[in-house]
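A.B. asks: Let me begin by handing over the structure; questions about it come next.
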Amino acid sequence: MAATLPITATAQMADTSTDPPALAAAGLTKTYGAITVLSNATLDIHAGEVHAIIGENGAGKSTLMKLLSGYVPPTEGRLLMAGQPVDFADAAVAEAAGVVLVHQEILLAPDLTVAENLFLGRELSRGAMVDDRAMNQRTAEVLASIGAHCRPRDRVGNLPLAQRQLAQIARALLEPRKVVIFDEPTAVLANDEVAALLDVVRGLRANGVAVLYISHRLDEVEALADRITVLRDGKMIGTWPASDLTQRKMAELMVGRELDVLYPAKRPQPSGSPLLSVDQLSVDHGAVEASFAVRRGEVLGIGGMIGSGRTELFEGLLGLRTAHAVRIDMADLPVQHRSVKDWREHGLVYLTEDRKGKGLLLEEPLAPNLTLQALDRVHTRLALDRSKETRALQKAVGDYDIRVGSLHLNAGQLSGGNQQKLLLAKVMMTDPSVVIIDEPTRGIDIGNKSQIYDFIDQLVRSGKACIVISSELPELVGLADRVLVMRAGRVVAELTGDHITEQNVVYAATSGDAHEASPQDRLNRNGAGDQNDKHNIEYPSG
Amino acid sequence: MTSTTSNIPVARPSGRIPWAALGPFIALAIVLLVGVMLNTNFATGTNIANVVTRSAFIAIIAIGATFVISSGCLDLSVGSMMAFVTGIMILIMNRFEPSMGANAIFMGAGAGLVVGAACGLLNGVIVTVGKIEPFIATLGTMGIFRALITWMSDGGSIPMDRALRDPYRPIYFGDVLGIPIPVAITLAVALVGAFILYRTKYGRRCTAVGSSADVARFSGVSVTKVRTMAFVIQGLCVAIAAICYIPRLGAATPTTGQLWELQVITAVVIGGTLLRGGKARIWGTVAGALILEVIANLMVLSNMVSEYLVAAVQGVIIILAMLAHRFIK
Amino acid sequence: MTSTTSNIPVARPSGRIPWAALGPFIALAIVLLVGVMLNTNFATGTNIANVVTRSAFIAIIAIGATFVISSGCLDLSVGSMMAFVTGIMILIMNRFEPSMGANAIFMGAGAGLVVGAACGLLNGVIVTVGKIEPFIATLGTMGIFRALITWMSDGGSIPMDRALRDPYRPIYFGDVLGIPIPVAITLAVALVGAFILYRTKYGRRCTAVGSSADVARFSGVSVTKVRTMAFVIQGLCVAIAAICYIPRLGAATPTTGQLWELQVITAVVIGGTLLRGGKARIWGTVAGALILEVIANLMVLSNMVSEYLVAAVQGVIIILAMLAHRFIK
Amino acid sequence: QEKKTIAVSIPAATHGWTGGVVYHAEQAAKEIKAAFPNIDVVVKTSPSATAQVSALEDLAASRKLDALVILPFTSEELTGPVEQVKAAGTFIAVVDRGLTDPTIQDLYVAGDNIAVGANTAKWLADKLGNKGKIVVLRGIPTVIDDERIKGFTDVMSKTDIEILDIQYANWNQDEAFKLMQDYLAKYPHIDAVWANDDDMLLGVLEAMKQSGRKEIQYALGGNGMKDVIELVKAKNAITPISTPYPPSMIKSAIYMTAAQFTGQAPMRGNFKLDAPLITPENADQFYFPDSPF
Ligand SMILES: Nc1ncnc2c1ncn2[C@@H]1O[C@H](COP(=O)(O)OP(=O)(O)OP(=O)(O)O)[C@@H](O)[C@H]1O
Ligand SMILES: Nc1ncnc2c1ncn2[C@@H]1O[C@H](COP(=O)(O)OP(=O)(O)OP(=O)(O)O)[C@@H](O)[C@H]1O
Ligand SMILES: [Mg+2]
Ligand SMILES: [Mg+2]
């Protein structure tokens, strides 16, 4: 672990401004039982600057942010606002003091509307009555200002993940703040939404707000940050002016070693018969007559804007939504019954994009989570074998580099990125031959990203197939042998070889007429059909 | 193949389409229609007035329960609390009747409201401060209130003073502009309840707490206060129901209000409020209370069912009503 | 890849799991201690044997309820179901006694298990396929089962044939190696229950479904099947309790098993199982059933409480037990 | 001939005795309807006082009632509603529990709950020689239960017999069994047991049998349940007597009411059934093998 650092903490930039920092942490330490999650963190954020925090999964970034915003009390250390000691008894106190956190996970009441959530605890009222009109109007303004497409009256529980995240951001920006903390705000957003958000952050800075910004997307960090603090294993490595660090340097500081090339080399074009082929699959409220196939040794990328029906398509394939298909073959045999369980027996698994709601049992320990889908693997003739299960967990923790303080934590106590890795380990427990991964590196740090790419590469090299649904264009371009682009529930383009470029994907995903997307691309026949879809896709982002 | 299009990250089955709001009223309409078809006596003015009037008790209590349930709790003690409050009220009225005459009724009613609120507060504090599962906490207080009324009545009954009967009678049997007074009171309680729940900050926070206590807490909403207040509202509703109830039967006994808690919760759930909290439907609750009362009325009016099997038929009808509800969605 | 598995503690951190799991046993110990201190008659062999034996019914049914509750449902019909199953068993035994003699008991027991499972299946199907809130669905079937036993007994009682009393008697009153048979049966049921819940695939799926139905669904677990099966297990447990119960009094009446559902749920919750599902503690449930029975026993043995207030004191003690539980954590 | 309607409103069959009431009421209804085609008898059961008031309203609202036979849950609570029914010209027959205003009752057929307790107490005091220790099991907190206990304790207070304990067992066999087990654990010496209802007595006997305790001389019940009368008939040493509180009184009342409409002599006034002791000698007249109770 203790690799020599190219730049040491003493390189910390001397602060030039004369004002005391808007928010400062002095010697913050957080322990859970015997586990020290964060030790002696010292940090300051000034008005009108964007201060980025980077670090590996489980480094303690979210913990630090929660300490700064009153969500959890520190074990040791204290906070200062404008030079004065403050005690944030809870999040509401911090908010009242002008410090707000946009949580890494969605923290909104699912049964309430967007506007109701935004104003929860500080409702506008006229006399005794809540003033819904004013609140809805104000909500609509804030939503518009950050480029969100949801409406004030939408129930949060019905919204797609990205819109929920935007609603959460809107909540933080509803009132003037002194300090706004973003914990991986862009993890579930697509490119255009990210761009809008970055503008919002710049706007905050221009207005003299102090911004703390956590992201695993180092390009964002580079584009935004004035200063960058690196955390590793709960310790502060140091703070640097952003101009001193390149993306490469950041990655090195985070991981403590040189980083390899991010994407594995492309494999030779696979040939041979498809492992999975789907003919005209339609999903209620999702996809329209989508046809596709994936061969052994192939990574099939699925691109498209958020809301284009990618997740719905594959949830339909897995029998998790009402869906109809003309024909589906797996390894040249027709598949009759489609449920998650049947597919698992056929060797096909799906990794959901919503790890909190659909992926992991947050209140259960790690082992039951890991083995839920593959209980046979930890079963002796008679019963579940706990020691086998523990061994499986230890192996998974090693194989997937899941950073845990103890094997007895609940899944909900893992850091966001480690939850994602646990989820990956969980679906891989079944030893599948076709793996469908929805947003594979959501919340994964840069070092582990390449690990996951390597992992996918090894998987297909061993004769299996992988379908990757991703909103990160570089990921699609770097990983996929072939990319299907979806728009409004239809597969509108198929890109191969050199035609897999970010521009082509974006063009196909947003262009009014798929035929003109890129004339040299072979277009999918089904998608080329009529585009006047009466189909109800909830949040087309074009 | 399971077909659920919901993205809701919440475990329990739920519904959320506009139909859901209409469900209980459609179910009520169906039950009424069946009633009219089954029995010619059903649709007479007197009968309908009777049924509607008597559904007032359950409806009023269930409006309070809508608050408790939507805030994510449950109150099993309402039936016993009703008996206890009724007992206290009668004792106080009887005590003051000699000196105050009919005005003792106001004394009693006032005392009832105070005692009801206090009982609700007790429940609320045990649940929120004691952090005890509401099911168990209110099961405990259910035993406590029931025992208190038994003790107060020495195992017998607490009758209201005869002299108070006539002045008090109209509260149940009278009407204003042709509307029976208990019905008017129910409407008033429902209106106030709907106002609080849908139009005030407290109501917002109540459903927010039921939807996600964590989120509410992080937003600076005091979960403890909100839930305690819901129990107090429940207690007040119980007291209001008791005020309407006394002139009808004129006595409190250890069996008063027995098993009402089940009827109340059923009315709330039939009305479309989710038992896990987060969603509240005051008018649905009122419809739910009416459905239950109409079903009981039909059981009496029609002669098709052996007396032993009445409970079974009621059970079946409630399940069918819920199913209808479901399919309407 | 920098992390190694070796530096992750595998041993449970001290002070973490044990206390929560021990809560109900500590509460039981406290109640027992209080019992011993309060009353000299409490700790006699006979009394302890009586109390433990008696708690068998609630314990066995509550073990089934642990499955239902941990899968995220609730069954209010167990008490009525118990009466109904008992009635059917006695009718069948009486029918076959003339031809089969004492072997009719086995016929009856077999039929009881089948009927119990069928009743559970009915509940399960209404809840999962009908997608009706378990509280309401089982409240409905509670009415149905209760009405059926009332109807079968014409409101009176269904006594077991005298000839069967003696051969059947030992199942309640007998013992093996000094352990009363109902206690032995409870232990067996708890062992099997714990095995299923903690050591089989089904048990895993059951708590997973209760923890998050969506996650379970996305993991290929059929929520419908798992929950239905939990209700069937509940039905079987009810039948086993009925088998132990019949020799005690030799009759089924419309009051058999009345309000047991509340005791059963209380036992489960006191035992540490979460009412919202996802966490199951079989042995805690057994301790919970014992706590309830010991409290009831102490109420009778001690002279401090007016008979009218017994229910109140029980309520208070249950709340205190839950509080103790809470503070132990 | 004009069709006459008799409504019968009784408690639902929630335990043994009320089960007997329902049984006898339905028997009477069947028999009368068969014998007199011009008389319709409608039997309605209610699980609570509130429900009974509702049922009265429903019956009165839906048809013209010529007569009402009612076994009220409680006197106070039903007096007003019955008065209202009477206001429409309905003949009122009240069974068991009298209304607070007796003028409403055209016909009153009642058992005597006080006598049930008192007569049992007198017999027991006599047998025990006015001394000894006894335990008592009572039912659910209602007027009937209260009156029986009152009748019993009033008599006992005039003797040297010590009542060790009185607790509720909810007129439930099962709970009586448990309660008796606990009594036996608590009191090393008990001379006699009285359960104020035969349902509970069965549980008591079972607990005594299990304990093997020999000092208990008598275990008595009340109500005249079939199984207990069988014991009395068999000259059981521990339960040699019972006290009738026959649920069949509802049947008598229905017949007496029906007589109004069959041209027989109109029956009005009060008929109080005594609570004579049932002894092996007279047990046959209280034994109805076909009744469920
Ligand atoms: N309640 C808890 N109990 C024990 N350990 C915890 C708890 N909460 C968090 N941790 C641990 O704290 C460590 C830091 O978590 P944190 O969420 O701060 O990481 P992070 O830097 O935000 O990572 P990511 O990039 O994956 O979001 C993790 O190892 C996590 O398991
Ligand atoms: N995913 C599931 N959800 C619910 N019940 C299941 C599931 N899988 C199996 N069962 C039930 O459990 C019982 C035992 O099945 P078993 O686990 O041996 O099947 P399996 O096909 O090996 O399951 P798996 O593939 O999940 O290990 C069967 O009766 C089956 O109906
Ligand atoms: Mg994090
Ligand atoms: Mg998606």
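Chains as they are written, first to last, in our numbering: chain A, 3 to 544; chain B, 806 to 1134; chain C, 806 to 1134; chain D, 286 to 578. Using N, Cα and C, we set each Cβ at its ideal position, and we do this for glycine too.
(1) Under 8 Å: do the segment 987-1007 of chain B and the segment 848-863 of chain B share three or more Cβ pairs, one atom per stretch?
(2) For A/P370 and chain C, any beta-carbon pair shorter than 8 Å?
(3) Which residues in the same chain as B/I1100 place their Cβ atom closer than 6 Å to its Cβ, once the five residues preceding and following it in sequence are excluded?
(4) Using 8 Å as the threshold, is the C-beta distance between A/V479 and A/G299 below it?
(5) Against chain B, does A/A516 count as a neighbour if the rule is that its beta carbon must be under 8 Å from one of theirs?
(6) Tell me the rounded alpha-carbon separation between C/V1091 and C/M842.
(7) Taking D/F321 as part of the alpha helix (DSSP H), name the residues at either end of that continuous run.
(8) Can you list, in chain order, the stretches of the beta strand (DSSP E) that have 3 or more residues and sit fully within the segment 89-131 of chain A?
(9) Going by the DSSP bridge assignment, what does A/W242 pair with across the sheet?
(10) Along chain A, which residues have their Cβ under 7 Å away from the Cβ of C/D1019?
(11) Between which residues of its own chain and D/E432 is the CB-CB distance below 6 Å, once the five residues before and five after are set aside?
(12) If we count the other Cβ atoms within 10 Å of its Cβ and call it buried at 16 or more, is B/T851 buried or exposed?
(13) How far does the alpha helix (DSSP H) with D/L505 in it reach, from first residue to last?
(14) Could you tell me whether the Cβ of D/I389 comes closer than 8 Å to any Cβ of chain C?
(15) Tell me, please, whether the segment 883-899 of chain B touches the segment 958-971 of chain B by the rule of three or more beta-carbon pairs shorter than 8 Å.
(16) If you measure from each residue's Cβ to the nearest non-hydrogen atom of ligand 1, which ones come out under 6 Å, in chain order?
(17) Between A/S284, A/M252 and A/A295, which has its C-alpha nearest A/S273's C-alpha?
(18) Quick one: list the residues of chain B neighbouring A/G35, beta-carbon separation under 8 Å, in chain order.
(19) Is it true that the CB of D/D386 sits closer than 8 Å to the CB of D/I377?
(20) Go ahead and pull the three-state DSSP assignment for C/S1027.
(21) Any heavy atom of ligand 3 inside 7 Å of the beta-carbon of A/E186?
(22) Which residue comes first and which comes last in the alpha helix (DSSP H) that contains C/G869?
(23) Taking Cβ-Cβ distances below 8 Å as the criterion, which residues of the segment 319-347 of chain D are in contact with chain C?
(24) First and last residue of the beta strand (DSSP E) that includes A/M332?
(25) Taking the alpha carbon of A/A84 as the point to measure from, which residue in A/V74, A/M488, A/V181 and A/R135 has its own alpha carbon closest?
(26) With 16 other CB atoms within 10 Å as the buried threshold, where does A/R234 fall?
(27) In chain order, what residues of the segment 429-441 of chain D put their CB closer than 9 Å to some CB of chain C?
(28) From what residue to what residue does the alpha helix (DSSP H) around C/A909 run?
(29) Short of 6 Å in beta carbon distance, which residues of its chain neighbour A/A519, apart from the five on each side in sequence? Order them along the chain.
(30) How about C/F1000: is its C-beta nearer than 8 Å to some C-beta of chain E?
(31) Is the beta carbon of D/S294 sitting closer than 8 Å to the one on D/L344?
(32) Does the distance from the CB of A/H410 to the CB of A/P370 come in under 8 Å?
(33) Under 8 Å, Cβ to Cβ, is there at least one residue of chain C near A/H218?
(34) With DSSP run on the structure shown, which of helix, strand or coil describes A/S472?
(35) Taking 8 Å as the CB-CB limit, is B/E1066 close to chain C?
C.D. replies: Straight from the coordinates:
(1) Result yes; three or more Cβ-Cβ pairs closer than 8 Å.
(2) Cβ-Cβ to chain C under 8 Å: yes for A/P370.
(3) Q1119 and I1122, listed in sequence order.
(4) No; because the gap between Cβ atoms is not below 8 Å, this pair is not in contact.
(5) Only weak support is given to the placement of A/A516: the predicted model assigns it a pLDDT of 41, under 50, and the question is left unresolved by the model.
(6) The alpha-carbon of C/V1091 is positioned some 23 Å away from that of C/M842.
(7) Taken as a continuous stretch (DSSP letters only), D/F321 belongs to no alpha helix (DSSP H), as it is neither H nor E.
(8) Runs of the beta strand (DSSP E) inside the segment 89-131 of chain A: 101-104.
(9) According to DSSP, residue pairing for A/W242 in a beta bridge involves A/I230.
(10) Going along chain A in sequence order, the residues near C/D1019 (Cβ under 7 Å) are G359 and K360.
(11) Cβ neighbours of D/E432 beyond the five flanking positions: N398 and I399.
(12) The residue in question, B/T851, is exposed, as its Cβ has fewer than 16 Cβ neighbours within 10 Å.
(13) No alpha helix (DSSP H) holds D/L505; the beta strand (DSSP E) holding it covers Y503 to L505.
(14) No - not a single Cβ of chain C is within 8 Å of the one on D/I389.
(15) The segment 883-899 of chain B vs the segment 958-971 of chain B: in contact.
(16) Having a Cβ closer than 6 Å to some heavy atom of ligand 1 are A/Y34, A/I37, A/V39, A/G57, A/N59, A/G60, A/A61, A/G62, A/K63, A/S64, A/T65, A/Q106, A/R405, A/V406, A/G407, A/L411, A/Q415, A/L416, A/S417, A/G418, A/G419, A/N420, A/G445 and A/D447.
(17) The shortest C-alpha separation from A/S273 is found at A/A295.
(18) Listed along chain B, no residue sits closer than 8 Å to A/G35 by beta-carbon distance, the nearest being about 21 Å off.
(19) No, these two residues do not count as a Cβ contact at 8 Å.
(20) It is coil, neither helix nor strand.
(21) Under cutoff, so the answer is yes.
(22) Start and end: G850 to S875.
(23) Identification of residues in the segment 319-347 of chain D having a C-beta nearer than 8 Å to some C-beta of chain C yields an empty set.
(24) Taken as a continuous stretch (DSSP letters only), the beta strand (DSSP E) holding A/M332 covers A325 to M332.
(25) For the residues A/V74, A/M488, A/V181 and A/R135, the minimum Cα distance to A/A84 belongs to A/V181.
(26) Looking at its Cβ environment, which holds 16 or more other Cβ atoms inside 10 Å, A/R234 is buried.
(27) If you check each beta-carbon in the segment 429-441 of chain D against every beta-carbon of chain C, none falls closer than 9 Å.
(28) Its alpha helix (DSSP H) spans residues A909 to T933.
(29) Because the pLDDT of A/A519 is 36, which lies under 50, any placement of that residue in the model is unreliable, and the number read from its coordinates should be weighed accordingly. Cβ contact annotation for A/A519 (same chain, cutoff 6 Å, sequence separation greater than five): A495, Y509, A510 and S513, in chain order.
(30) Checking the listed chains, one finds no chain E in this structure; the protein chains it contains are A, B, C and D.
(31) Taking 8 Å as the Cβ cut-off, D/S294 and D/L344 qualify as a contacting pair.
(32) Their beta carbons are not under 8 Å apart, which means A/H410 does not touch A/P370 by this criterion.
(33) Chain C contact via Cβ: absent.
(34) In the three-state DSSP reduction, A/S472 falls in the coil class, being neither helix nor strand.
(35) No Cβ of chain C is located within less than 8 Å of the beta carbon of B/E1066.
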